[in-house]
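First residue of the sequence shown: 78, per the working numbering; consecutive thereafter.
Beta carbons are placed, not taken as given, at the ideal position from N, Cα and C, and that holds for glycine.
Since the structure is predicted, the reported quantities are computational estimates derived from the model, not experimental observations.
Structure, as structure tokens:
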Amino acid sequence: MVIPTPHTDARRRSSCRDSPHPSGGPRRAARSSRRRFPRREGGGRVGLGRRMRSKLAGASDWTEFVHDELTGEILMEYTLVGGTFTIKAVNTWGLGLISTNREGTKRYFHFDGLGSTRALTDSSEAVQDTYEYNAFGVLESSTGSSTNPFRYVGQYGYYDDGAMGSASGLLLLGVRYYSPAHGRFWSWDPVPNLNLYGYVENSATMAIDPGGLKPGNLFAKQYSPG
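Below, the structure written as structure tokens:
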């Protein structure tokens, strides 16, 4: 598996050169320090930077998202193709993610103390999937075949939208992508900081950052769970 390597050029843009593009050439997405939100193929944003739609690498159809207006949690995923509305997933939230019904298959989430998904069970309480991660969120092993974009810190909305290809491993945290393989964000922090790419001050076992923003920001703050 090829893991993309973030690269910062002379114009202060971070890009990922190794992830394959459906056309056969390299996928490249530039992030400017003057922009808070990324401009790239595979996604769209409005308002406070919430992802409104996404396209899996190589896919022809867009997946649209319905968010909770207050929390930003993804409540529903659907497609609209040729006037046909198809629900892909409905997610149930409480104090974090509880369950999902994805294309008729119901799964219940079981998390560790950080909020990472460790197991999925079905309606009969039978374990269908399990997950193991390293400290920064790289998936080291798993069992089962359920489609699940909410894995590492999935309880609080860390989401793998697949838009950069499955090999990238990038997770969407609010307004920015995070790379577990590198333990850093893929784009600059819009809030001035000495380490513009740093993730939770390297305290990945103690803190999370669902919004992708630093402490003190008006809309989202890094915080320790529990």
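- In this structure, Gly214 lies away from Tyr233, with their beta-carbon atoms at least 8 Å apart.
- Relative to Tyr236, the option among Phe162, Gly192, Thr161 whose CA is nearest is Gly192.
- Here the alpha carbon of Gly289 sits roughly 29 Å from the alpha carbon of Ser222.
- Nearest in C-alpha terms to Glu202, of all of Ser176, Asn211, Pro226, is Ser176.
- Around Val167, the same chain offers Met153, Asn178 as residues with beta carbons nearer than 6 Å, after the five sequence neighbours per side are excluded.
- Between Gly251 and Phe186 a beta carbon distance of about 20 Å is seen, past the 8 Å cut, so the two are scored as non-contacting.
- Of the candidates His259, Asp266, His144, Asp138, Asp138 places its Cα closest to the Cα of Gly159.
- Setting aside the 5 residues that flank it on each side, Thr198 is surrounded in the same chain by Tyr185, Val204, each with a C-beta closer than 6 Å to its C-beta; the list follows chain order.
- Val277 carries a helical assignment under DSSP once its states are collapsed to helix, strand and coil.
- In the structure shown, Gly289 adopts coil according to DSSP, grouped into three states.
- Per DSSP, reduced to three states, the secondary structure at Tyr233 is helical.
- Residue pairing by DSSP places His187 opposite Ala196 in a beta bridge.
- Put simply, the backbone Cα of Leu216 is about 4 Å away from that of Tyr210.
- Counting along the chain, the unbroken beta strand (DSSP E) around Ser256 starts and ends at 253-256.
- Excluding its 5 nearest sequence neighbours in each direction, Thr169 has C-beta neighbours in its own chain below 6 Å: Ile175, Ser176, listed in chain order.
- The C-beta distance from Glu141 to Leu157 rounds to 6 Å, short enough to fall under 8 Å.
- From the listed residues Ala212, Gly181, Val143, the smallest Cα separation to Ser280 is found for Ala212.
- Boundaries of the beta strand (DSSP E) around Met153: 151-158.
- Phe227 has its alpha-carbon roughly 16 Å from the corresponding atom of Ser245.
- Secondary structure note for Ser176: its beta strand (DSSP E) is the uninterrupted segment 173-179.
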